[in-house]
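Engineer:
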Amino acid sequence: MSSLINATPVTTENLLHQVALLKQQGCRLITLTCLDTGDGHEVIYHFAQKYEMIHLRKHVANGGTLISISTIFFCAMIVENEIKDHFGIEVHGLPIDFQGRLVLSENAPRAPMNKRCGMEIDARVPEPASTVVIAPASPPAKEAVPQTPAKGGVA
Amino acid sequence: MNKLTLAIGAVVLAPFIGGLIQGFDRVLTARMQGRKGPPLLQPFYDILKLLRKERVVVNSQQILYAYMHLAMMVLALFMLFMGQDALMLLFILAFSTLSLVLGGMSVRSPYSRIGAQREIMMMVAYEPILILMVIGMYLVNGNFRLQAVFEAERPLLLSMPLLFLAYLTVVMIKFQKSPFDLATSHHAHQEIVKGLTLEFAGPCLGVIEIAHCYEVAFFLGLVGLFWLSNFWIAAVLMGGVFVLSLLLDNLCARLTTIWMFRFMWSVALGLALTNIVWLYWH
Amino acid sequence: MSQKSTIPFGPQHPVFPEPIQLRLVLEDEKVVEALPAIGYCHRGLEKLAEKKDFLQDVYLIERICGICSFMHSMNYCQGIEELLGLPVPDRARFLRVIWAEVHRMHSHLLFLGLLADSFGYENLFMQCMRCREDILEVMELTAGNRILLTTCCIGGVRKDIPADQMDQILLALDRVGEQLVDLRNAFSNDYTVKKRLIGVGCLTAAQAHESGAVGPVAKACGVALDLRETGYAAYKELGFKTITETAGDSYARMMVRLRELDQCMELVRKAIQLLPAGPISTPFKGNPTGEVAARIEQPRGELLFFIKGNGTKNLERFRARTPTFANLAPLLQMLPGCQLADVPIIVISIDPCISCTER
Amino acid sequence: MPSAAPTQLWLVVALICGPIIFGLLAWLAQSERTRNILVITATCLTALAGVALAVQGPFMLQAGPGTGHLGDLLEAVMVAVVLGIGYKQKIWPVFAMGIVQAGLVVFEHLGKGAESANPTFILDSLSTILVLIISIVGSVIVVYGIGYMHVHEHHAPPTTASTGRFFFFLTGFLGLMNGLVLTDSLKWLAIFWEGTTLCSFFLIGHDRTPEARRNAARALIINVFGGMSLGFGVALAQHEGGNGSISNMVQSAALLPLVLVVLATFTKSAQMPFQSWLLGAMVAPTPVSALLHSSTMVKAGSYLLLRLAPGFVGTNLATVIALSGAFTFAVTSAIAISQSNAKKVLAYSTIANLGLIVACAGIGTPMAYSAALVILVYHAISKALLFLCVGTIEQQIGSRDIDDMSGIMLKMPYTTTIAAVGMVSMMLPPFGMLVGKWMAIASSGHAPIVLLLLVIGSALTIFFWAKWLGRIITTAYHDHYTVENLPFSMKGALSLLVLMVIAGGAMTGVIYRNYLSPLAKVTMSGSPLANDSSVLLKSVDEFMGWPLITIIVVVAGVVLMALLGLRNSHTRLPFLCGENTPSGTRTFVFRSLMDQPVTAHVSSFYFAPWFGEIGITKWANPVAVLILLTLFVRIGLI
Amino acid sequence: MKDKVRFDKSPWVVHFNCNSCNGCDIELLACLSPLYDLERFGIVHVGNPKHADVLVVTGSVNYRNARVLKNVYDQMPHPKVVVAMGVCAATGGVFRECYNVLGGVEKVVPVDVFVPGCPSRPEAMMDGILQAAAKLDEKRRNPDVPVAVSTDTVVRLPAPEAARPALPADTASALATPMEKIA
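Chains as they are written, first to last, in the numbering used here: chain A, 5 to 159; chain B, 268 to 549; chain C, 2 to 360; chain D, 15 to 652; chain E, 27 to 209.
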């Protein structure tokens with residue numbers, strides 16, 4: 005059972021109100037999805053009442069910030085941090101702010117999920133000059149040559 | 268001098284016996300789990316390998332504690348065969364365990380420390396029972412010296428059956444078997460990685476493994492003490508205890524330190540004390 | 002009086018087959034605070050799915066997680082099929098259920114093994130793994146590979162299961178069923194197992210709902226939440242009923258999975274019985290357009306894929322919310338107050354799949 | 015026993031009055047330098063006199079005429095001081111007990127008329143041991159105090175003048191203790207007894223903080239109560255026709271005075287339920303704690319009990335005493351586990367060991383008696399050493415919390431090594447403490463409850479020592495030792511004590527065989543279990559031979575081997591689940607959330623819910639009181 | 027050969043999962059199961075690098091787990107060998123092009139044996155571990171093999187694009203060949 009998206013648009017002002025309302029109705033939060041729309045970001049809130057899905061859609065302009073709903077649904081905290089990691093959107097009111105380091109490490113690319121710095125345009129931060137390159141210590145004598153695994157199994 | 272020869276012989280042979288027992292242990296365990304299991308001599312392969320590896324330490328004190336552990340263990344075995352005072356024997360054993368604990372504590376590595384402190388808890392849990400066992404021997408023979416046990420006609424088991432049961436729990440702890448494999452987690456290492464032995468590597472670990480061979484031989488030897496008058500009954504007793512420990516290991520989950528503590532100080536200690544009081548009134 | 006201890010639990014820790022770090026703050030051995038540090042398994046698969054074309058994505062998305070791999074590709078295919086308005090042949094729907102349930106069995110058996118290992122019951126671990134080998138054999142027999150089946154494709158399945166293989170499956174299920182009797186006995190009646198599981202990592206139904214728990218974690222608290230009830234694929238025809246327990250502790254979570262194993266066998270048998278004849282896939286043309294939120298019940302709970310197509314062969318956005326991600330918040334609620342010895346049990350009891358979580 | 019020679023008379027005078035006089039001079043001294051010289055003179059004098067006296071052998075000394083009246087005077091002065099303190103500091107229980115004591119003194123004199131017996135001083139084996147402990151260990155502590163107080167003065171409000179006063183009480187303490195163990199006269203015993211009480215009151219309250227005042231007052235209340243009990247006991251003994259000497263009291267069959275005196279010894283040696291004063295005494299500067307715990311004050315109680323032991327051996331009284339001591343041993347060992355304050359751990363350990371001595375005195379076989387003696391001697395040395403180490407550590411790191419002591423091996427290797435030796439000497443072979451414990455357990459085979467308590471207690475002891483020892487020997491990954499800078503007096507005192515500990519450990523067999531064992535055999539020959547015990551003693555004797563030497567050789571050999579093995583070993587970072595930070599100096603730092611470094615730290619286990627001080631004391635004190643009440647039940651009084 | 031230590035008789039294994047999808051990990055667990063029984067070769071799965079001889083790595087390396095892998099390798103006492111299990115550990119596999127993937131294990135630690143497969147089959151895994159164990163003796167004798175990499179080295183990895191080796195077979199695209207034609 006999958007449902008096409010019929011998302012209710014919300015604004016910064018009534019977002020928290022709407023979410024609180026949904027919580028009153030007994031909804032649970034499934035997750036948040038963020039999309040890069042070019043002129044900004046779109047955040048879709050997926051809720052569910054039993055099996056019925058309810059979506060909210062929130063637009064975030066470039067350089068804009070998102071208000072955390074973790075005061076209402078604490079579990080939103082992790083996914084909001086992830087959005088911050090992936091898209092570089094500032095999220096306000098996070099109980100635990102991972103500073104954009106939830107899944108990405110310090111020398112990993114910044115905001116890699118954005119279109120404008122996706123895989124085509126390398127978003128990786130330049131390496132510091134003091135980089136020590138760890139080369140393979142000795143040419144590994146390969147006992148078994150890595151082969152292309154015949155995937156799928158069924159020929 | 269005959270006693271001395273015997274004691275020296277025991278010290279030389281014990282690691283081989285202990286290693287073989289451990290080998291049997293691993294094979295039998297594997298069979299119980301429906302596996303083929305390692306070769307019988309696997310513990311020796313392991314120890315030989317460990318001794319040849321690079322000597323890696325976190326700090327220099329560790330070596331001291333590993334060797335002290337072994338040395339005290341050997342000494343305890345030696346004293347056992349020399350028929351020395353049983354109570355002092357226990358203190359020497361405690362010294363051995365304690366030096367391993369100190370080795371674990373001497374590094375600030377978290378799991379090593381937790382393992383070490385658990386090991387102390389285990390010591391605290393089983394020490395009273397061992398001491399009561401020795402007191403039981405004293406009440407039976409009127410002497411703390413093991414020599415008296417060697418010379419006694421009547422098997423100890425008949426006088427102290429409950430103490431024997433209590434002692435079995437100690438054996439389970441010392442063999443690091445479920446439900447008591449808490450501090451070093453020989454087989455399952457899910458809580459504290461390798462616990463106490465975590466930071467020992469290479470030859471130091473090998474030394475500890477040898478000491479464990481001694482330990483196994485020693486504690487099984489103590490089982491034999493319960494029926495010294497007949498070699499075959501003693502052997503059956505030892506074999507029975509060994510198989511029982513394996514069975515329990517394969518039938519139990521690892522329980523917690525707190526559970527162990529409660530169990531040892533209620534059930535096991537209760538058994539031991541009942542036996543002591545019984546002996547006392549006799 | 003006493004100071005608190007701070008220790009790392011992971012990423013390289015034998016209890017975790019996958020890297021995750023829990024920063025534990027302890028008082029003696031009691032956990033007072035647990036914070037997760039993730040990212041050791043983050044690859045950036047969502048981005049790669051946008052770069053690949055949507056047909057290739059089936060194989061990529063299958064590798065979100067090796068344990069519940071079939072479910073991932075199935076959910077993805079269902080989502081794309083919905084975007085394309087593509088009908089799936091009946092036989093394909095039943096075959097999908099068979100593979101999905103077999104996959105659930107292998108996952109639950111693995112869970113039981115790991116749980117047994119987490120409380121140091123080596124023998125039980127071995128028995129679970131041996132039982133699981135029968136399931137893996139079934140998978141190898143029907144798909145050619147033990148773990149990653151790659152049999153699902155957009156519009157149906159890629160490969161049929163012939164009748165003789167069906168018999169083999171039934172035989173294997175009988176063998177598993179026999180072993181399960183012993184396993185269930187050991188898991189539900191053993192004194193030591195009960196001692197370690199009952200009352201450990203308790204979660205109430207209200208907490209579970211509030212923190213968004215899914216799958217067996219929610220079902221163990223009495224929250225009947227199983228997407229198979231919505232009747233995707235062929236579950237409607239098979240008459241599925243959600244299994245729940247009420248205690249909400251690790252033991253209840255284990256019992257949910259044990260009972261689900263029986264249910265899986267029942268479902269597979271029924272599906273084989275009712276298996277209609279016919280084609281196994283529908284050919285199609287065109288590229289997906291629009292947004293869809295596809296959901297499916299994975300062994301660990303509700304799996305949500307948000308897929309947005311833009312009419313080209315590349316997807317505009319692919320997003321996965323895996324069940325372990327949803328169960329992280331409940332996990333953090335369960336950990337404080339437990340003993341260090343219970344940490345592995347509680348963590349394993351949610352059946353974590355970090356690879357899913359971080360993608 | 016031969017009468018005393020003139021030299022012995024002078025030595026006794028020097029031992030008792032010397033420290034007091036020099037202490038008084040030190041108080042009056044204007045400069046620190048002069049004071050230090052005077053204090054050192056006093057300690058050297060005491061130590062030399064003590065050794066000289068011990069070498070000369072046993073004697074009996076009848077003090078000259080007129081000293082009896084001196085005793086009356088001193089008795090009156092003591093009571094007056096107690097009353098004065100009670101009134102001035104508004105410690106009303108003390109005041110009330112002071113009035114009772116005054117009444118007792120008046121009554122006594124009215125009843126007996128004007129004649130006062132002259133005191134007798136006796137030096138036998140037991141008092142020789144005590145004199146040696148007091149004059150040597152005590153003196154070393156006082157010397158340590160010089161360096162310690164120099165630093166302490168800068169931290170605490172007291173002035174130079176008050177430090178002078180401090181040293182007066184410290185050295186005076188030694189003099190009074192010497193008197194206490196040398197006298198055979200009950201009256202003089204009570205005088206010295208009260209004197210040590212007052213000294214300890216001033217020493218505990220030395221820092222003049224509200225806490226110090228409170229604890230000093232508590233110490234005074236409990237000890238004056240003990241003193242009162244002693245006073246009654248003495249009066250009763252004389253009333254029942256004794257000649258006022260301890261030896262006479264031991265021989266007489268009257269149990270009631272004995273019980274009262276035993277009660278007094280319990281207060282002094284801080285047995286449960288009287289343990290709280292000794293714990294409160296921890297607020298005092300470390301030399302005071304060391305002195306109170308190891309060689310003086312608490313030893314006064316156990317000394318008197320050992321002295322009286324032949325008097326109650328084999329009676330019901332002995333059973334209760336043994337039970338009470340064993341109970342204290344087990345309970346305080348348990349509480350010690352839950353303590354993170356190093357001084358409190360030591361305090362509880364002291365109480366526990368005193369409990370062991372009391373239990374041994376109660377068991378009363380020659381074996382038990384020799385166990386008590388072994389513990390008495392070795393505890394004095396080791397505990398003094400440990401207290402001084404803790405004091406030094408506290409001054410250097412500014413904390414006495416056990417958990418703060420991890421890594422001090424690098425900061426102050428000298429003190430830490432010494433402390434480690436001290437701790438090892440408290441629990442492992444071949445050191446005397448373990449031998450004592452061993453003999454205590456071995457001799458309690460006939461009393462199951464006492465045995466159980468001893469066994470449990472001894473297991474618990476291992477716990478807190480091991481976890482503390484493990485804490486201080488912890489070193490980092492790269493060893494960068496910095497040797498601490500200590501004043502000469504402190505360093506000297508520590509070195510001297512550790513040498514004594516090691517020498518004592520190496521010579522356990524010699525000391526035991528030549529001094530302690532014969533004494534025990536003679537004193538306790540009246541024990542009904544003496545025959546059984548002799549079998550055990552034979553076993554101990556044998557152990558003191560080659561097995562003990564073997565242990566020593568093995569330990570030494572392993573230490574050497576380990577030193578040799580160091581060369582070809584490599585260091586690796588510790589296991590932190592793979593998340594070590596790559597810096598060599600921050601070894602125990604792991605990366606955690608947001609890649610931020612966090613220091614891994616494991617504190618010791620305390621098990622506060624099980625072994626918490628408050629929780630255990632709540633039920634253990636009433637139980638202890640009950641046991642004490644049975645003392646009176648047993649002699650048919652209630 | 028008399029005094030030769032048979033390191034291959036007791037290779038102790040430590041396993042580290044980098045970016046793996048779990049496929050290889052659960053197959054490694056299957057190796058321990060009664061059907062395959064790794065222990066019959068004396069192979070023990072220890073959780074602690076300090077006790078291990080063989081490091082088994084599954085999955086590709088990313089920015090965060092690279093330093094963990096390096097630490098685990100460094101903490102193992104010499105002689106030691108590394109087995110790269112599965113195609114991800116060899117090259118990065120299907121995830122090679124992901125932004126957070128650096129590539130194969132070889133980027134961080136020297137690899138001695140590669141085991142192919144996605145996931146590798148248990149038989150291949152056991153063979154790989156045993157082949158690696160056979161190299162332990164040689165490694166012990168050979169002084170050229172670095173004993174210990176300095177632990178003070180800061181693990182900073184090269185930008186993945188530059189360091190990515192030209193692979194003989196592009197695993198990722200091979201994997202992603204449209205297969206519905208077959209069906």
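Virtual Cβ for every residue (Gly too), placed ideally from N, Cα, C.
As the structure is a prediction and not an experimental result, all values here were calculated from the model.
Ends of the alpha helix (DSSP H) at residue 272 of chain B?
Structural biologist: Counting along the chain, the alpha helix (DSSP H) containing residue 272 of chain B begins and ends at 269-299.
Engineer: For residue 121 of chain D, does the count of other Cβ atoms within 10 angstroms reach 16, so buried, or fall short, so exposed?
Structural biologist: Classification for residue 121 of chain D: exposed.
Engineer: May I have the straight-line CA-CA distance separating residue 198 of chain D from residue 541 of chain D, to the nearest angstrom?
Structural biologist: Answer to the nearest angstrom: the Cα atoms are 23 angstroms apart.
Engineer: With distance defined between alpha-carbon atoms, name the residue in E/81, E/124, E/141 and E/37 nearest to residue 64 of chain E.
Structural biologist: Considering only alpha carbons, the answer is E/37.
Engineer: Going along chain D in order, which residues have a C-beta closer than 7 angstroms to the C-beta of residue 32 of chain A?
Structural biologist: Simply none; closest approach about 26 angstroms.
Engineer: In whole angstroms, what is the alpha-carbon distance linking residue 370 of chain B and residue 492 of chain B?
Structural biologist: If I take the Cα positions, the gap works out to 31 angstroms.
Engineer: Give the single residue among B/384, B/428 and B/393 whose Cα lies nearest to the Cα of residue 403 of chain B.
Structural biologist: The shortest C-alpha separation from residue 403 of chain B is found at B/428.
Engineer: Nearest chain A C-beta to residue 126 of chain E closer than 8 angstroms, yes or no?
Structural biologist: Chain A, which has a Cβ nearer than 8 angstroms to the Cβ of residue 126 of chain E, makes this yes.
Engineer: Pairs of beta-carbons, one from the segment 194-208 of chain D and one from the segment 89-99 of chain D, closer than 8 angstroms: are there three or more?
Structural biologist: Cβ pair count under 8 angstroms is three or more, so yes.
Engineer: Can you give me the start and stop residues for the alpha helix (DSSP H) that residue 494 of chain B sits inside?
Structural biologist: Taken as a continuous stretch (DSSP letters only), residue 494 of chain B belongs to no alpha helix (DSSP H), as it is neither H nor E.
Engineer: Who are the near neighbours of residue 65 of chain A in its chain, counting only those whose CB is closer than 6 angstroms to its CB and skipping five residues on each side?
Structural biologist: Taken in chain order, the residues that qualify are 44.
Engineer: With contact counted as at least three CB pairs below 8 angstroms, one residue from each stretch, are the segment 510-519 of chain D and the segment 430-439 of chain B in contact?
Structural biologist: Counting Cβ pairs under 8 angstroms, fewer than three are found: no touch.
Engineer: Whose C-beta lies closer than 6 angstroms to the C-beta of residue 73 of chain A among residues of the same chain, with five residues either side of it excluded?
Structural biologist: Result list for residue 73 of chain A: 23 and 80, in chain order.
Engineer: Hey, which unbroken runs of the alpha helix (DSSP H) at 4 residues or more fall wholly within the segment 36-111 of chain E?
Structural biologist: Runs found: 49-58 and 91-101.
Engineer: Closer than 6 angstroms by C-beta to residue 295 of chain C: which residues in its own chain qualify, once you throw out the five before and the five after it? Chain order, please.
Structural biologist: If we look at residue 295 of chain C and ignore the five residues flanking it on each side, its Cβ neighbours are 76, 79, 80 and 306.
Engineer: In whole angstroms, what separates the C-alpha of residue 276 of chain C from that of residue 159 of chain C?
Structural biologist: Cα to Cα, residue 276 of chain C sits roughly 16 angstroms from residue 159 of chain C.
Engineer: Between residue 191 of chain D and residue 310 of chain D, how many whole angstroms is the CB-CB distance? I'm expecting something under 8 angstroms.
Structural biologist: Yes, they are in contact, since the Cβ atoms of residue 191 of chain D and residue 310 of chain D sit about 5 angstroms apart, within 8 angstroms.
Engineer: Taking 8 angstroms as the threshold (beta carbon to beta carbon), is residue 90 of chain E in contact with chain A?
Structural biologist: Interface residue, yes.
Engineer: With a CB to CB cut of under 8 angstroms and the five nearest residues on each side skipped, what residues in its chain are close to residue 504 of chain B?
Structural biologist: The answer, listed in chain order, is 424, 490, 491, 493 and 494.
Engineer: Using a beta-carbon distance cut-off of less than 7 angstroms, what residues from the segment 103-127 of chain C approach chain B?
Structural biologist: Going along the segment 103-127 of chain C in chain order, one finds 118, 119, 120, 121, 122, 123, 124 and 127 with a Cβ nearer than 7 angstroms to chain B.
Engineer: Expressed to the nearest angstrom, what Euclidean distance is found between the alpha-carbon atoms of residue 498 of chain B and residue 488 of chain B?
Structural biologist: Each residue's alpha carbon lies about 12 angstroms from the other.
Engineer: Exposed or buried, what is residue 272 of chain C when buried is set at 16 or more other beta-carbons lying within 10 Å of its beta-carbon?
Structural biologist: Buried, because 16 or more other Cβ atoms sit within 10 Å of the Cβ of residue 272 of chain C.
Engineer: Since residue 611 of chain D contacts residue 595 of chain D with CB under 8 angstroms, what's their CB separation in whole angstroms?
Structural biologist: With a Cβ gap of about 5 angstroms, residue 611 of chain D and residue 595 of chain D count as contacting.
Engineer: If you measure beta-carbon to beta-carbon, which residues of the segment 13-28 of chain C are closer than 8 angstroms to chain B?
Structural biologist: Going along the segment 13-28 of chain C in chain order, one finds 14, 15 and 16 with a Cβ nearer than 8 angstroms to chain B.
Engineer: I'd like the ranges of any alpha helix (DSSP H) spanning at least 4 consecutive residues and lying wholly in the segment 189-248 of chain C.
Structural biologist: Segments of the alpha helix (DSSP H) lying fully in the segment 189-248 of chain C: 192-198, 206-211, 216-220 and 236-239.
Engineer: Output yes if chain D places a C-beta closer than 8 angstroms to the C-beta of residue 114 of chain A; else output no.
Structural biologist: No, residue 114 of chain A lies away from the interface with chain D (no Cβ there is under 8 angstroms from its Cβ).
Engineer: Can at least three beta-carbon pairs, one atom from the segment 15-27 of chain C and one from the segment 529-549 of chain B, be found at a separation below 8 angstroms?
Structural biologist: No contact exists between the segment 15-27 of chain C and the segment 529-549 of chain B.
Engineer: What does the Cβ neighbour count give for residue 213 of chain B, buried or exposed, with the cut at 16 atoms within 10 Å?
Structural biologist: Past the edges of chain B, shown from 268 to 549, lies residue 213 of chain B, and the structure says nothing about it.
Engineer: Nearest by alpha-carbon distance to residue 36 of chain D: which of D/58, D/19 and D/616 is it?
Structural biologist: Per the Cα distances, D/58.
Engineer: Who pairs with residue 74 of chain D in a beta bridge, going by DSSP?
Structural biologist: D/17 and D/136, per the DSSP bridge assignment.
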